[in-house]
Structures are given as structure tokens and as C-alpha cells.
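Chemist: Residue numbers (this note's numbering): 173 to 1383.
For each residue, glycine too, the CB sits at the ideal point set by N, CA and C.
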Amino acid sequence: MGEEPTSLSDLLRRCRPFSAASFLPSGHRNPNPNPQNQTHHTSSNPQDPNTPKILKPIHSKPLIGTLTLTHTTPSSTCPNSSCLKFSDDTATVCCDIQNLDLQIIGQRIKILAFNFIPVKPNCGYLEIIKWNLDPVEIINKSINKPNSFNGFYLNSVVPTYQHAIIPRCLVSGLLSSVSPVTNVPCTATKTGTKTLTGFVAEVTVCECELCSSRDPVTLDSMGKDGKDHIFTKSKIVYFCGDASVWYPVVSRLVGRTVSVSGMKKKMVFLGEGKSLMMYVTTEKAVIHFPMCTGKTIINGRNIDTMNPSSVYTGSITATYMQGMVVELDQKVLVLLTDNQISMPHGLRIGAIVTVRNFHIEDPKFTWTKVIIFGSCYKTSIRVNVFSPIESGCYQVIQSRSLLRKFIESLQFSARLWVLLAISSMRKKFAGVLSEMEILGSKHMEGLVQKYCSSCLPLSVFRFQHGVLSEYCLHDLCGCGKEIDYDAPKLVVPISNFISQCEDLFIKNLYDTNHKYSSIVCGGKSHEQPIRKILKSEDMNIVLLGNLKISEYSGKLQLVDATGCIDVVIPDLSSVWSIKDIYELNEFSVVMEGFSRDLKHLELLDHESYTYGNIFNHFRLSERKKINIYIHCYMKDAKSRNHILHPSVDMEEDLKEFESGLFHLILLAHKFPIQQKFPSDYAVSNNSSVYAEVIIFPWNFVLHNDIDLIDSYHDDKRCDLSSQHEFPCTVDFYGEKPSVNSGDLLHCTRAAKKVLLEFKSDSFWKFETLRIGSYYLIKHHHKGLVCTTKDFNKASVDSKSHFWNVSFSADVAGPATARSIYLHLSVDHLSFLEVKLKELKQDLIKPTNSSQVASASPPLGAFNVNLPTGSLLFVQGRVMAVHTSGQSRPLARAHPRIGHRVTTTSLCIHVLVDHNMVKIYSSLSEHSYPTGFGPGVKANFHRVLLTAEGGMLKLIPASFIEIDSIIIDDNQCNNESDITSVKSVEGTATSLLAGPTDLISEMACFSVHKKVRLHCKVVSVYVLVMEKHSDSRVDFPLAGFIMDDGSSSCCCWTDTETVLTFLGSREWAPHKRSKTSLHKAKRKKLEACGDTMSRLSTILNQNGRIVIKNGSVADSSCLDAVMSVDSEIVVKESDEQFLKGLILQVCSGNSWNVVGSVMDSEGLNQIVEEVQRVDMMMKLPQPLVNIWASEVSHLDNLNEGRSILQELLKSE
């Protein structure tokens, strides 16, 4: 007795994928390909959840059933018209079979090996690998004379015999292509118009003598003659009505020879005056076996890029977007976006398939390289070898949404771009917008379609003609025609964007030779950050997201569901909402990091902008120690940065301004975020931030509300009486610009200051307020102004509105500058400006450099007690930022999630009116705005000029606003940064402007008076060098004899100036070959100057070294005395090296020196230091002693020009 067969119902009940086989003969070869030879976009680590799982092999009893053809209807369990069906007594499932033989259709077969893939409950897919005819069928075939069995009637699927062939209506040849199954209108003579289901096939026939014969016996021998046939003439066969059931079989025979007889010739009307002669199947139509079982005529790897009949065989390595994108061999993408194209369920990862009749296209994307195989109604895919991997099977998508129709109307490269945009937006706005809002529906356009429509040119759209017309008139319909256009920018999730920026930054460090710079301040060398700037036009990407305030740092960020990044938008409107979706097309990405933090960074193994990382879930790796932020403008006339998806808040804000009375206020000051404890979040439920405003005695009212002013007078809380009324025109620039008219009312009440408190839910409003800007706030009984009559504090909530306003005498103001413009007459505007200027007298005014030039470095710790002094406003360009103590330097304020708030003492070098000043700060990181660092033009509000030391210091009430950021890479790249850093204290531009002084006149100068000298170093009086505890070279005592021609003086200075004299302030990078860097995948960014390295080695061997020349009269540098602390004798080569350094200092270079005459206290300290070196040594007499604070090489050409300009001015 045979084995009891396994039923389909058992497979469906198990509902899990597996590969099964019955007992196989010895030496049987596994039909499945070796999965190790397959290539996939997954990890080889078995613990990785992305590692492909192999179908679990089990031993199974054979399945016995019948392979059938059935009509597919909308109500069918599986709507895929390309499916074969396998049935037994318990169930029916979709199936596919390797090496299909038409003789088994309708026969009972025994399946010996198969894969089963569950699709959904009580539904599955069967892949038949090995089979045999059931013994009962073998007996029946022998009784029925099988040699006479040669085909099937197409309409009834009934076997036929040799006498059934009808040579007059025979089409026999190579099956080139098959259209999808479609419904077409067909006109009948009596019953009128009816719709027929069917499909069209193109058969290329041979016109040789044998193929043109009408002898049935001769025709029956076709395919067995062993002769070569040339297929050149195309014929169209229309399988209509009941014959359409053969679509699963005919679609699998593309590329093989077929023979169909019993058809009629008919002229088929295609529309628009076009018709075509076709062979239409009838009730007597028969499909024959002999030529169907011949060898397939293909050349699997030979691709003609200009021929739409190309053939490609490859392995499926990935599928995306619910099967609309299939990747082959990790290098080509097959687009299956047409809704009516039916593909086999076996398009699974790991399967080997053959694709025919596709259009090859290179989309020429700048962010990635890919080749597209565009599918049309002639495209077919056949599964050659089933996949051994446990992956889902291909499913036909029945959606006919507006978005799907929109995709089908595009050229192929545009289709791929839209699919990438869909994937990105679904990730970006998951949880923010619903799926319907993102993708739309059958009757409503979603965000994706609206956005893509605005980005794509009309040239990529094509008119669709229907299946029958596009198949038969393929070339005339323009299918696959390449359009030369610039592809839109790629929409990327923020997580992919950050990862790509980090990778580009690290790669740039490895591939280029950077000169890492440092700055010397206060006798210590401070490393400056490495900076790289990328422009959006170079990356060709676009960012979409919400603008929100970070709970941790309190900074403005661009946010989506995948990540967030800090953003600087100087012109962000005051009416923005955290619910709006913004599109950033033009922006700059600034990346910074210190070399010591980048030593062990590795390049990523993947590109973040590849289609695979856009389609799949991309997980951002641990953030590197790189500060990244975006800088952009929202209202630049040339920019496409704008609100892509306005929220309800925006609409309510517009309605709020359409009526009512408004008060005019000026934002006088903003206070930085203060945290009670270092671990606190900047934005919490109980946190607040404050701003100081001046409420002016000016109100604004629209003309349509002018009659309501009397009702406002009844309000006892707010005095609204006015003495002047100035008519004006109002321009409101939002998503819907509007123009209106109103009156500006000059009231009798006095101006007053009010402190505004912003709670956590209104931090986003605080972010957009700019110090010195005017705003309108609405008059209300519970409003900000009206509730502050008896006290000077008010709370701002999320419903409070601030409208940024500007005044103009023009008829119309620029629509890109502010949100609201009030246009007054020239006289009224002049009157308003005078009154506002009088009311602003109490505000801190910008300070020129002369007021801060006298600020000196601190004499001790400046973060212990709060000193007293004057509050100033300082405006200038930040040249360098470094720590002033032993704490870690701060490159740029960019707090990271999970890091504790740290307090770092900083020294900020600011160029103010060509003068360099230093501002000291001990504020927390959250007090510095995003992007703060070298290269920014900043406004420092309420900076303390201490009374006791003349030092500029930031206090808790100080606030920093970034006016602009230099985002030109030519100015801000690392090489350029070296020049900028040197200008802090190393070039003439950093020194105080004005005439020079003479050394001979310095005897009558007062102590601490700043002097400017042009002089040379003629001798080294004393120079002490030693190794610091942190291994750097230090010069604790340095005195040089300087001469300007009028007299000489002794110039005392610190390590900073000595390094300038020695020319050792710039450190060159340690270079390694590019190949070795990439092989190691772990690079070190090292910097060491030859001079300092040699000097460091000498000090390691000898300890402290003292060079002195006690005689002022003896100016010979080579006769200087050299001594060491240790008993080791200095090597002759080392001694010559040190004397060479001294000779270099005295080589005749002219110097620009800024300093001051030392007082008695300072001289006493110098005397103590000198006597520690040599008890017999004294200060040089009768020379004047000065302390040099700044030194630079003298530019004689620029100096001459300056003198000439001064002379011309004096004339």
C-alpha cells in the first residue's frame, strides 16, 4: 500500500512556511539553489534579525491533486490572474511549477518536493519543485493512446488530438510578449455592445517553406525537424472570452515557441482612428504541444540598452514598496508600478528570475547610482528557480488611489523618485499625520502627491491610452521614452541625513590634508575645531519636518519621526507654529569637531542615501562627537524654503489679526535659559524663560473696527485714549498675503517696562522673538498689556500672539522681510521715529571699540564672585572660542540628548570695529545659541564691564544673538580658519588702529596706557623654557630688548607672544597615505610642528633651560648664556638649534607691538622671577619696561597705505 497523502487543508492549518519533500532516490540533487551563493542586503550574523531565514526543511508525504486553470474575478480569493491552481479534495491554493509541461494541466499529479508559503489565514501559495503523474493517470493515458493527444481547446480546456489542427487559421512561432488581462468593449451585430475579458499576445513567426505550409502532417512536425528558424514577422493573437483562462500558461511561455490554430482574422478598432488586424480565438481554437515543449530561446545576460525586448536573468536580492520595486543582483531595480500588470507570487527574495521586454533607464540621480528596468504592458517575469528563503510572496496591489494613478502617469525615473518620496514621508510623519493625510485616497490627494506634483516638470507626465492601445501601439504611445530633465531633490529622513553628514565629514578628514590650528591665549595653546560646510545644492536633497524646541537644550530643531537636528533660522516669522510642516530646499550644513574626539572614528559601511536605506527602516548609529546644525533663511526671495503644510494654528493666527485693537511693544531683552540643577532638562513642566518688553503708548486698529474704539474706552484696566491718529496701509505677508487699511493711534498713557514669563508650552514663541524688534499684541481684558496695570510681570501662554511689525514710508514693502508692514506718510513716519527714539533712551546702545578696548584680561578666577560694573552691548565677529581653565573646550554650543549640563569657563575673542576684545564667560552650555563659535557675527547683550579690572564678562542676565553665520566654505574651511585664528592676536588687523608711539616718548606715559610700537627684537634679555604638566612647552619668563630707532625698551611677555616670535604657532598635520587610511578603517588625526617637537625633546632630556644675556649693550644673540637645571650637558647640536631660534627672533623682522608701561607692582613680580633665575641679575637700566599684550608681523605695504590715507585726510 502507498503512503497516505498529505492534504492541502493540513498545510493551511499549519500556517507557517516550510520546504517539504518525500523520500527521494539516492543521489537526488536538491532542486533548491545553495542559499550561500545568493546575495542579499542583510547581515551574515545569524543573531541579526535582518539575516534571511532559510525555509525549514521537513519530511512530508506526497501531495496528490489536480493542476487547473480557473477564471479570476474580483471576488476571487486571489485576484492575481497569473496564478495556476492546485486542488485536492480538501482545498485549492495558488501555485507555480518549475519547467511547466502543458500535458499535466487538468491531470492528477503527485508532488514529491515543494515549498509552501502562507499568505493569510486559510490561504497559501505552493511552489512545485518535483512531481510525477499519478499512477492512475498513467494507466488512463496508455488506454487513450497518448501519442494522439496533442493539445487543448482554449475555451473549454478539453484535450484535443491530431485531427483537431486547422492550418488555415494557424499562428506558430516565437511568443515575444503577453499583455495583462483586461476588459475591452466589443461590438456585436445583434446584442449591441458588450465587454469581453481577454489578453493579447505577440507571436513572431518564421516565413520559411515549412512554417508556411498548410499540410497538417507537415505542421505537426514543426519543432521536431531540428532546423533553425528565423522569426521576423509579428502577428497579434487575441485570447478573448473563455480563452482568457489560459493567461497563467501563456504568460509562462514567453520566449518559447507556441502554436495556436482555429482562429479568425478580425480588424480591431483601437480608438483615435487606429485599427489593427488580429487573430481572435474562437470556440475551435486549440493550443498545441509540439512547439510548446521545445527549448526556450533566450540569451539571459545579453542586454541591448536600446531595445525594449531586452532579456535579463538574475537573483532577487530585495523587494520594496509592497513589491512595486524588485532589486536584481544588487544593481538594478525593476519597477512594477502599473496596477494591471500581474506577476507570479514567486517573486521572492532569493528566487532566480528572467525579465523580458523592459525599458532600461539611467535616472542620473546625484545621490546614488542605479539602473532602472521599467515595466510596461509587454513586460513579463518568469521564475526559473524558487527561493529557498523564508520571505513573503508577491501580492497584487488592488489600490486605485489617486496616488497610484499619479505614479502610473509618470516616466520611469520620476516613478522611482516618487516611490522614494513616499517611503521617506511615511517615516518622517508617522504619528504626526495619518496614512490618509500622507498618501491620500481614491478621492483626495495626500501630502505626497501634492508635494511631488509641485516638484516634477510637465515633461515627465504622459497620457495613458489603455492596455490594448499601449500594447499594440507601443512605440507610438511613447512608453519608455527617456526625458532629459533635472531630477528633483531627494526627500530624506533626518536620521539618514545626519548619518550621511557624519560620514562625509569623517571621509573629508581622511581624504584631505588639513592644517589643524590652535590659538595661544594666556600662555596656553588651545586647539581650534575642524570645520566643514556643505551646501544643499551640492547634496541635492531636501528636508521636511516640524520646527520644535528641544526639551533638553531649549534650542530650535527640525524634527521628524526619525530624528532631529539643530537649526538656525535668523528670519523665522513670529507667527510660525510647531504643527506646521516646513520644506527646506536651500540651506547649509555646518559640521565641527575636535581632532582629539575624531581619532577613533570609522567610516560607515553603507551610504545613507541609497535606495535600500530610504526604502527600508534605517537605524541611526550612535551619534559621533561631531556638532552638526543647519543654517537657512525662510523668506529669501531666491529660496524655496517655506511652509509646506500649514496647520490649523496658522489659520487661527491669520483670523486673529483680521479684527481688534493692538498694542505696540518693543522687545528690550531676552534672558537665557537657567537651570536649577545640572541634570535638569531645559524645557520641563515647571521651567520658565523671561523677556523684557517696553509697551509703547501706541495702538493700532483696522478701519473695519474703528467704531469699536469707544467700547474699548470703557475698559478701566487699560487707558486707550489717543491724541493723534495716523492713517496707514497694512500689508500682511503669510501663506495668503492681504492688504488692509487702519490707524496708528498715539495714546496718552506712558510707556512702561514689563517682564514676560514664557512657560514650557510657549518656549517656541520665545525662540522667534528678536531683541530690538517691534511687535503687535492684541488688546484683550485678559491680555498681556491689560493685566499688568498694577504690576510689571505677565505670563505668556501658547495662545498668546506676537506679530512682528515694521514701518515704512513706501507704498509697498518687500514681501520677504517681515510678516506685517505698516505704511505711513513720510511726515507721520518721521514723527513716529522721533517719539520711539525718545522712549528707547533707557535701552543699552551698541558700544564702539573704544569703550571696550581698555578691557584687560582677568587677574584671577572670574567665576567666584559677581563683580560690579557697567552693562554694555558688544557687536562683532567671533574669531575664536576656547576654555580659560582646564575644562574641556567648547567648539560650538550643541548639547546632546543624555549629556549633563556642564559649566565651562570660556574666553571669547571678538573682532569689534577692527579691534580684538576678549569676553569671558562661565555660563552653562544652554546659554549659548545654536551655531555659536568662530565665524559668526554675534550680538552680546548686557555684557558686564567690571569696575575693578576693566574686564568684559558674560553674566547670567547676558544674552547672545547670532546676527549672521559665515557659511562660505572658502572663508570657513579649516585652512581659512588658521588665518582667522591668527588674526585674533597675530596680525595687524587685530591690533588697535591709530598712530604709533615712539619708545623715546614712553617715559612720560602713564601706567597701563596702551601704546602701539613699530620695532625690532635686537636681543634676548632672558628666556626661560620648560615642560608643562600637560606636556606642552611653556615660557614662564621672557624678556626681549626692542628698538624702534628712537630708543630701546625691555619688552616682557608671555608664552603666547614668544610662540609668535618663534613662528611656531601653526602646527602642520602628520600625513599618511590615503590607501593606508582606508585599509586600517581607524585613523588618527595628529598634529605636531617640527620646531615645537624638537624643543619638546630637548626639554625632556635637559629639564628647564634658561637663556640670558645680562648686558644690554651686548646685542649679540649668539653670545647668550645657556644653562639647565640638570647636570647633563646640553648637546652641541641642541645648543646650536636653540641659538638658531634666538637668531630667528632677532633676524630683523619688524613687529607690531601693543602693550603698556608696567607699574611698580608688575615690575616687582618680574624682579622676583628674574632673581629666581639668577640672583645677580637685575632689570635692564635705564630702559623702560613694558608688558606686550599683542604682537604681529608688520605689514609695511598696508602700513604705508594707512599713513598715506591719514595724510590725505589731514589735507
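Under 7 Å Cβ to Cβ from V1156, same chain only, skipping five residues before and after it: list those, please.
Modeler: Because the pLDDT of V1156 is 32, which lies under 50, any placement of that residue in the model is unreliable, and the number read from its coordinates should be weighed accordingly. Answer for V1156: I691, M1051, A1052, H1081, M1088, S1162, listed in chain order.
Chemist: By the three-class DSSP mapping on this structure, what secondary structure does L1313 have?
Modeler: Correct three-state label for L1313: helix.
Chemist: Looking at the unbroken beta strand (DSSP E) that takes in N287, where does it start and where does it end?
Modeler: It spans 280-292 - the beta strand (DSSP E) in which N287 sits, taken as one unbroken run.
Chemist: On the three-pair Cβ rule with 8 Å, is the segment 527-536 touching the segment 508-517?
Modeler: Judged by Cβ distances under 8 Å, the segment 527-536 makes no contact with the segment 508-517, as fewer than three pairs qualify.
Chemist: Within a Cβ cutoff of 6 Å, which residues of the same chain sit near N209, ignoring the five residues on either side of it in sequence?
Modeler: Low local confidence applies: a pLDDT of 40 at N209 is under 50, so the model's placement there is unreliable, with the coordinate-based value given in what follows. Excluding sequence neighbours, N209 sits near nothing in its chain.
Chemist: Can you tell me whether M435 is buried or exposed, with buried defined as 16 or more other CB within 10 angstroms of its CB?
Modeler: Buried, by the Cβ-count rule.
Chemist: Smallest Cα separation from V350: which of W303, D658, L838, Q512?
Modeler: Among W303, D658, L838, Q512, the Cα nearest to that of V350 is on Q512.
Chemist: Determine the burial state of R201: buried for a count of at least 16 other Cβ atoms within 10 Å of its Cβ, exposed for fewer.
Modeler: Interpretation of R201 is limited by its pLDDT of 43, a score under 50 that renders its predicted location unreliable; no figure is taken from the coordinates.
Chemist: If contact is defined by three or more beta carbon pairs under 8 Å, each pair taking one atom from either stretch, is the segment 1219-1235 in contact with the segment 1350-1358?
Modeler: They touch, by the three-pair rule.
Chemist: Tell me whether K405 is buried or exposed, calling it buried when 16 or more other Cβ atoms sit within 10 Å of its Cβ.
Modeler: Answer is exposed; the Cβ neighbour count stays below 16.
Chemist: For the candidate residues V555, V861, F904, whose alpha-carbon lies nearest to that of K827?
Modeler: For the residues V555, V861, F904, the minimum Cα distance to K827 belongs to F904.
Chemist: By DSSP's criteria, S1184 is part of a beta bridge. Which residues make up the other side?
Modeler: Checking the sequence shown, residue 1184 turns out to be Arg, not Ser. Per DSSP, V1326.
Chemist: Counting Cβ pairs, one atom from each stretch, are 3 or more of them under 8 Å apart for the segment 235-243 and the segment 273-288?
Modeler: Segments in contact, yes.
Chemist: Would you call the CB atoms of K965 and L917 closer than 8 Å?
Modeler: No, they are not a contact pair.
Chemist: So is T429 buried or exposed if we call it buried at 16+ other beta carbons inside 10 Å?
Modeler: Counting Cβ neighbours within 10 Å, T429 comes out buried, since at least 16 surround it.
Chemist: Helix, strand or coil: how does DSSP classify E580 here?
Modeler: Three-state DSSP puts E580 in a helix.
Chemist: Using beta-carbon positions only, say whether H803 and S746 come within less than 8 Å of one another.
Modeler: Not in contact: H803 and S746 (Cβ atoms no closer than 8 Å).
Chemist: Return the CA-CA distance between D1226 and D1206, expressed in angstroms with no decimal places.
Modeler: Cα-Cα distance, rounded: 9 Å.
Chemist: Excluding five sequence neighbours on each side, which residues of the same chain lie with their C-beta closer than 7 Å to the C-beta of A733?
Modeler: The answer, listed in chain order, is K599, K600, F601, A602, G603, V604.
Chemist: The alpha helix (DSSP H) that contains P420, what's its start and end?
Modeler: 419-422 is the span of the alpha helix (DSSP H), which, as asked, contains P420.
Chemist: Under the rule that 16 or more other beta-carbon atoms within 10 Å means buried, what is F441, buried or exposed?
Modeler: F441 comes out exposed.
Chemist: Does the beta-carbon of K1246 have 16 or more other beta-carbons within 10 angstroms, so that it is buried, or is it exposed?
Modeler: In this prediction, K1246 has a pLDDT of 36, which is less than 50 and means its spatial position is unreliable; what the coordinates show is noted afterwards. That one is exposed.
Chemist: Taking all protein chains shown into account, do 16 or more other C-beta atoms lie within 10 angstroms of the C-beta of R188, making it buried, or fewer, making it exposed?
Modeler: The residue in question, R188, is exposed, as its Cβ has fewer than 16 Cβ neighbours within 10 Å.
Chemist: Would you list the one or two residues that DSSP bridges to M806?
Modeler: Bridge partners of M806: none, in fact.
Chemist: Taking the continuous beta strand (DSSP E) assigned at P299, which residues delimit it?
Modeler: This sequence places Glu at residue 299; Pro is not what is there. Run containing E299: 295-305, per the beta strand (DSSP E) assignment.
Chemist: Can you look up Y643 in the DSSP assignment and give me helix, strand or coil?
Modeler: If DSSP states are grouped into helix, strand and coil, Y643 belongs with the helices.
Chemist: Return yes when the Cβ of P1128 is within less than 8 Å of the Cβ of Q846, no when it is not.
Modeler: Result yes, Cβ atoms of Q846 and P1128 sit closer than 8 Å.
Chemist: Over the uninterrupted alpha helix (DSSP H) stretch that includes L1008, give me the two end residues.
Modeler: Counting along the chain, the alpha helix (DSSP H) containing L1008 begins and ends at 998-1011.
Chemist: For K437, which residues from the same chain have a beta carbon less than 7 Å from its beta carbon, with the 5 sequence-adjacent residues on both sides left out?
Modeler: Contacts found: M449, Y451.
Chemist: What do you get for M1347, buried or exposed, if any count of 16 or more other CB atoms within 10 angstroms of its CB means buried?
Modeler: Burial call: exposed.
Chemist: What whole-angstrom Cβ distance do V861 and F974 have, given they're in contact under 8 Å?
Modeler: 14 Å between Cβ atoms; not a contact.
Chemist: Beta-carbon separation of V432 and A457 under 8 Å?
Modeler: In contact: V432 and A457 (Cβ atoms closer than 8 Å).
Chemist: Any idea which residues DSSP pairs T1263 with across the strands?
Modeler: DSSP output for T1263 lists no bridge partner at all.
Chemist: Any idea what DSSP makes of H1098, helix, strand or coil?
Modeler: Helix at H1098.
Chemist: Using beta-carbon positions only, say whether V265 and L180 come within less than 8 Å of one another.
Modeler: Yes; because the gap between Cβ atoms is below 8 Å, this pair is in contact.
Chemist: How would you label V568, buried or exposed, when you count the other beta carbons within 10 angstroms and need 16 or more for buried?
Modeler: So V568 counts as buried.
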